[in-house]
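Colleague: Numbering (the numbering used here), first residue to last: 10 to 348.
Pasting the structure below:
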């Protein structure tokens, strides 16, 4: 694809400067961009962008960063504009529409218009596949499960029986939706499995990373809210209810029956105990350990979780401990008369 700097400015709602007729053929990272490429920069990398002026085709920059001699496009949010352009400049991978003869389609399955079911996908009895869905090889959709319109399941993704996935979702390779929840009773030292007979509901516009496990409910449903994005290697236990527009970063573990409000962000390796409520509009830094109910609007860190500001003070104090111990020892000697 080729577009002029002026045309690209229109696409992203920006203001072009310099050689607006310059042809851009591709997008690239700032340190790799060449004469046919568009790159973006945001603070604190503006000086790096100035150093690249002579070799890049054009720069996508925040407003107020004037004084560039190369072709430029000024926008409010260069990163968001660049993401939009990536979708435009990157050709979509195309597959033939229809159901492969090498896919398994069970009895009573319904498949919507424009769906693509590739070889070796397995769609079990009475499942419903929406319009425009893409099922890659070795995906599995269980009995009575539903996949919403425009959703994509990448190779080896699993949606087990009695689960529902909404529209425009993306489920990456090796994610498992609807594995049994971890439920056991213990009597006289013997662990006995509690049947997990509920399901999972994934609402619209959710993205689920590779190797994610979202367990089915014991009863009812484990729910992932609309627009939530889940990174690789996340585990969500049975009967959890995750709100809309949450961000859950890799290796986070959310224990069973936890309720998470809307617009919550978990950094990497956050862990929670089960049966708690975590308030909306909150952020938890990487490796936070959440052991009880949390109010809305929390910015938490550490284990056990505390306010981020308090955690920073604690970390600063820990770094001073050797010096403080030395001073304490000297003071003890002085008080004992041994100094």
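We put the beta carbon where it would ideally sit given N, CA and C, even for glycine. Quick caveat: nothing in here was measured; it's all calculated off a predicted structure.
Consult DSSP for residue 10 and reduce its assignment to one of helix, strand or coil.
Modeller: coil
Colleague: Thinking C-alpha only, which one of 156, 185 and 225 is nearest residue 177?
Modeller: Per the Cα distances, 156.
Colleague: Sorted by chain position, which residues of the same chain lie with C-beta nearer than 6 angstroms to residue 348's C-beta, five sequence neighbours on each side aside?
Modeller: Note that residue 348 scores a pLDDT of 49, beneath 50, so its modelled location is shaky and nothing firm can be said.
Colleague: With the cut-off set at 8 angstroms, would you say residue 223 and residue 245 are in Cβ contact?
Modeller: yes
Colleague: Look up residue 298 in the DSSP assignment and give the residues it is bridged to.
Modeller: DSSP lists 280 as partners of residue 298.
Colleague: Would the region 59 to 72 and the region 107 to 126 be scored as touching if the rule is three or more Cβ pairs under 8 angstroms?
Modeller: Short answer: they don't touch.
Colleague: Starting from the C-beta of residue 278, find all residues in its chain whose C-beta is less than 7 angstroms away, skip the five residues before and the five after it, and write them out in chain order.
Modeller: Taken in chain order, the residues that qualify are 260, 261, 295 and 296.
Colleague: Would you tell me roughly how many angstroms separate the C-alpha atoms of residue 249 and residue 267, rounded to the nearest one?
Modeller: 5 angstroms
Colleague: Give the secondary structure of residue 71 by DSSP, where H, G and I count as helix, E and B as strand, and everything else as coil.
Modeller: strand
Colleague: Could you tell me the alpha carbon to alpha carbon distance between residue 346 and residue 332, rounded to whole angstroms?
Modeller: Rounded to the nearest whole angstrom, the C-alpha separation of residue 346 and residue 332 is 22 angstroms.
Colleague: Closest by CA to residue 188, which one among 201, 208, 305 and 175?
Modeller: Looking at 201, 208, 305 and 175, the one whose alpha-carbon comes closest to that of residue 188 is 208.
Colleague: Just verifying my parser: in three-state terms, what is the DSSP assignment at residue 225?
Modeller: Three-state DSSP puts residue 225 in coil, outside helix and strand.
Colleague: Using DSSP with H/G/I as helix, E/B as strand and the rest coil, what is residue 244?
Modeller: strand
Colleague: Taking residue 317 as part of the alpha helix (DSSP H), name the residues at either end of that continuous run.
Modeller: From DSSP, the alpha helix (DSSP H) with residue 317 extends over 317 to 328.
Colleague: On the three-state DSSP scale, how would you describe residue 308?
Modeller: Residue 308: strand per DSSP, three-state reduction.
Colleague: Per DSSP, which residues does residue 137 bridge with? Please list them.
Modeller: 119 and 155
Colleague: I'd like the span of the alpha helix (DSSP H) that includes residue 60, first residue to last.
Modeller: Unbroken alpha helix (DSSP H) run through residue 60: 55 to 60.
Colleague: Suppose you measure from the CA of residue 96 to the CA of residue 29; what does that come to, to the nearest Å?
Modeller: 22 angstroms
Colleague: Between the alpha carbons of residue 24 and residue 85, how many angstroms are there, rounded?
Modeller: 10 angstroms
Colleague: Quick one: measure Cβ to Cβ for residue 167 and residue 186, integer angstroms, because I've assumed they're closer than 8 angstroms.
Modeller: Contact flag correct, Cβ pair sits at about 7 angstroms.
Colleague: Along the chain, where does the alpha helix (DSSP H) containing residue 98 start, and where does it finish?
Modeller: 87 to 98
Colleague: By DSSP's criteria, residue 303 is part of a beta bridge. Which residues make up the other side?
Modeller: 287
Colleague: Taking its Cβ as the centre, do 16 or more other Cβ atoms sit within 10 Å of residue 340, making it buried, or is it exposed?
Modeller: exposed
Colleague: Express the C-alpha separation of residue 43 and residue 37 in angstroms, rounding to a whole number.
Modeller: Rounded to the nearest whole angstrom, the CA to CA distance from residue 37 to residue 43 is 8 angstroms.
Colleague: Is there contact between the region 228 to 236 and the region 192 to 202, where contact requires at least three CB pairs shorter than 8 angstroms?
Modeller: The region 228 to 236 makes no contact with the region 192 to 202, as fewer than three CB pairs between them are under 8 angstroms.
Colleague: Judging by CA-CA distance, which residue of 47, 73, 71 and 72 is the nearest neighbour of residue 61?
Modeller: 47
Colleague: Does the Cβ of residue 86 lie closer than 7 angstroms to at least one heavy atom of the ligand FAD?
Modeller: Ligands are entirely absent from the displayed structure, and the ligand FAD is therefore not among its contents.
Colleague: Starting from residue 353, follow the beta strand (DSSP E) in both directions and report where the run begins and ends.
Modeller: Residue 353 falls outside the range modelled here, since the chain spans only 10 to 348, and no answer is possible.
Colleague: Do residue 81 and residue 26 have their CB atoms nearer than 8 angstroms?
Modeller: yes
Colleague: For the beta strand (DSSP E) containing residue 129, list its first residue and its last residue.
Modeller: Run containing residue 129: none; DSSP gives neither H nor E here.
Colleague: Please state if the CB of residue 254 and the CB of residue 271 are separated by a distance shorter than 8 angstroms.
Modeller: Yes, the pair counts as a contact, with Cβ atoms nearer than the cut-off.
Colleague: Can you name the start and end residues of the beta strand (DSSP E) that residue 47 belongs to?
Modeller: 46 to 49
Colleague: Reducing DSSP to helix, strand and coil, say where residue 338 ends up.
Modeller: In the displayed model, residue 338 falls within a helix according to three-state DSSP.
Colleague: Near residue 92, what residues of its chain come up, given a Cβ to Cβ distance below 6 angstroms and the 5 sequence neighbours on each side ignored?
Modeller: none
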